[in-house]
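Undergrad: Pasting a structure here, questions to come.
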Amino acid sequence: MTKGLTAFHIEGLTTRASGCIEIFVDTLRQFYWMPRWVKSKVLEKHFGLTGPEIRGIIHHLRTQGHLIASSSQGYCYTRNINSVEIQDTIKHLSERSNSLRSAVDGMVKNNINEKRYEQEEMF
Numbered sequence: 043m044t045k046g047l048t049a050f051h052i053e054g055l056t057t058r059a060s061g062c063i064e065i066f067v068d069t070l071r072q073f074y075w076m077p078r079w080v081k082s083k084v085l086e087k088h089f090g091l092t093g094p095e096i097r098g099i100i101h102h103l104r105t106q107g108h109l110i111a112s113s114s115q116g117y118c119y120t121r122n123i124n125s126v127e128i129q130d131t132i133k134h135l136s137e138r139s140n141s142l143r144s145a146v147d148g149m150v151k152n153n154i155n156e157k158r159y160e161q162e163e164m165f
């Protein structure tokens with residue numbers, strides 16, 4: 043873990059992960075510029091973080107506009123929104139979002155139907 047950084051808390055991240063944001067993005071920019079990829083396990087070991095913390099940092103950086111591609115090869119940084127790697131990442135994230143939305147909709151719909159069924163049985 044990197045020492046000497048001022049930790050600040052970002053919602054959804056541990057304090058430890060929040061304290062690594064600047065050096066994390068600098069590391070990606072300096073060493074893992076597309077087409078050079080890095081596996082999560084390498085980042086976990088380097089920063090002393092867990093897989094969920096690495097994914098949380100990646101998510102946070104993406105919400106801030108950083109173009110970080112992901113694939114079975116790992117992660118890499120770019121500034122080219124039109125790159126195949128970023129377009130594939132955007133497609134994958136969109137599909138995951140749609141899938142999660144379908145799960146939520148199904149749960150809500152099922153709950154509404156269950157309530158309706160319970161009410162019908164009362165009368």
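Under the working numbering, the first residue of the sequence shown carries the number 43, and numbering increases by one thereafter. All residues carry an ideal CB built from backbone N, CA and C; glycine is no exception. Here the structure is a predicted model, which is why all the values come from computation and not from measurement.
1) Under a three-way DSSP split, which group does residue 128 fall into?
2) Is it right to say residue 50 is buried, meaning 16 or more other beta carbons lie within 10 angstroms of its own, or is it exposed?
3) Residue 102: buried (16+ other C-beta within 10 angstroms of its C-beta) or exposed?
4) What's the C-alpha gap between residue 100 and residue 153?
5) With 16 as the cutoff for other CB atoms within 10 Å, does residue 123 come out buried or exposed?
TA: Considering the structure as presented:
1) helix
2) Below a pLDDT of 50, predicted positions are generally treated as unreliable, and residue 50, at 49, falls in that range; the measurement from the model is reported next regardless. So residue 50 ends up on the exposed side.
3) buried
4) 34 Å
5) With a 10 Å radius around the Cβ and a threshold of 16 neighbouring Cβ atoms, residue 123 comes out exposed.
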